[in-house]
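Take 1 as the starting number for the sequence shown in full-length UniProt numbering and just add one per residue.
By construction, the Cβ of each residue, glycine as well, lies at the ideal position given by its N, Cα and C atoms.
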Amino acid sequence: MGVLSLCEEAPSKVFGVPLSHLRKTGQMRQGLPLALTHLVGFLEKHGLSTRGLFRVGGTVLRQYELRKCFDRGGFPKMNIEDVHSSAYVLKHFLRTLPGGLIPEPFMVKLLEVFRMFRLSKRHKAVKKILDTIPEENYNILCFLTFFLSRVAAKSHANRMTTTNLSIEFGPILFHVPQGPTKLEDEEMCISFTEYMLDNLRHLLPNMYPQASATNTAEGDSVSEAGGDFTPEKCVQQVLLTETSSKPPKTGRLGRLRRRFFHFWQKFGSCYAKVEPSAAGDV
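What follows is the structure in structure tokens.
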């Protein structure tokens, strides 16, 4: 049975369309594209130790099959042999995202700050700009970069250090326009991406699912899978699960904090794992 036969017949285009289209057509959950979370989940399980992850492209036919399955509204069944092809498809999703994951106006500001500020002042200035990018782009950026940090943590096996990952993802996260400085700007984007990956905890909140929780697209549920459950981890899961696919709004941090209290009862099973004294410190 071919991969296309596993997918729905009605087209639901995923690649090369704005995030707003994915939201309107039900292709988003938890503020993230379903195709992206499916690919990342597979690579998290099967690809972290694969040498040359994101550098080796896999097979052209398999890449085509995977893309077509997603565009038909399905979720392809993948095995260990699909690691490189699925990694390519993930990059293709970002590469074909209209305007890039970090839109050009924000790219210009970030690169200007990156050039001008020394490290001691750079973190604060960069974080301030990142916090203003559209909310859905911001969600994906947080999710993706913390996944890439997990890839880099296995660089002894996969050979993908933050430097190598930046070479692969810098030109994809930023879509540098054509012009006389295109090559220079792309090199700067690569350097900035490496800086961002090396300093994530200073720049972005961790919205990547912890090993102790499992998020499902159907139920958006959180279930224990071992490990210590702390209030901080519970907050991270609330942020990820309840940043739903809605049009971007302002004041995101305050709103997410309010959601934490609003959904306290909903995620009671999560907090049951926390000692009362610890929960009171949140």
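query	result
Delimiting residues of the alpha helix (DSSP H) encompassing Val-14	Unbroken run through Val-14: none, as it is neither H nor E.
Residues that Pro-33 bridges to, as DSSP identifies them	Met-28
Through-space distance from Cys-142 to Leu-204, alpha-carbon basis	6 Å
Length of the line joining the Cα atoms of Leu-19 and Pro-171	19 Å
Whole-angstrom distance between Lys-45 and Lys-127, CA atom to CA atom	30 Å
Nearest candidate by alpha-carbon position, reference Gln-30, set Gly-41, Asp-71, Leu-53, Glu-136	Glu-136
Tyr-195 to Pro-98 span [Cα, whole Å]	24 Å
Stretch-stretch touch, CB-based, cutoff 8 Å, three pairs: the region 151–159 with the region 37–52	yes
Under the three-state DSSP convention, the category Arg-115 falls into	helix
Residue range of the alpha helix (DSSP H) that includes Phe-75	Note, Phe-75: premise wrong, no alpha helix (DSSP H); not H, not E.
Rounded Cβ spacing between Met-107 and Phe-174 (contact assumed at less than 8 Å)	5 Å
Whole runs of the alpha helix (DSSP H) within the region 55–141, excluding any shorter than 4 residues	60–71, 83–95, 104–116, 119–130
Nearest-angstrom Cα separation, counted from Glu-186 out to Pro-177	10 Å
From Leu-200, Phe-15, Leu-197, Met-188, residue whose alpha carbon lies closest to that of residue 300	Here the chain has residues from 1 to 282 only, and residue 300 is not among them.
Rounded distance between the beta-carbons of Asp-82 and Phe-15, thought under 8 Å	Phe-15 to Asp-82, Cβ: 17 Å. No contact.
Contacting residues, own chain, Cβ-Cβ under 8 Å from Thr-163 (five flanking each side not counted)	Glu-194
Where Thr-37 falls, given that 16 or more other Cβ within 10 Å makes a residue buried	buried
Beta-carbon contacts of Pro-248 that lie in its chain and below 8 Å, excluding the five residues immediately before and after	Residue placement at Pro-248 is flagged as unreliable, the pLDDT there being 43, under the threshold of 50; a coordinate-derived value is accordingly withheld.
Opening and closing residue of the alpha helix (DSSP H) in which Gly-170 lies	162–173
Candidates Asp-198, Pro-105, Val-113, of which the one nearest Phe-147 by Cα	Asp-198
Rounded straight-line distance, which links the Cα of Thr-25 to that of Val-17	11 Å
CA-to-CA distance, Val-60 to Pro-180, given in whole angstroms	32 Å
Short Cβ contact (7 Å threshold) for Leu-66 with Pro-76	yes
Leu-34 Cβ short of 6 Å to the ligand ATP heavy atom set	This structure does not include the ligand ATP; it has no bound ligands of any sort.
Limits of the alpha helix (DSSP H) - the one that Thr-193 falls within	182–198
Cβ-based neighbour list, Ser-86, same chain, cut-off 8 Å, excluding 5 preceding and 5 following	Leu-39, Phe-42, Leu-43, Gly-47, Gly-58, Leu-66, Met-78
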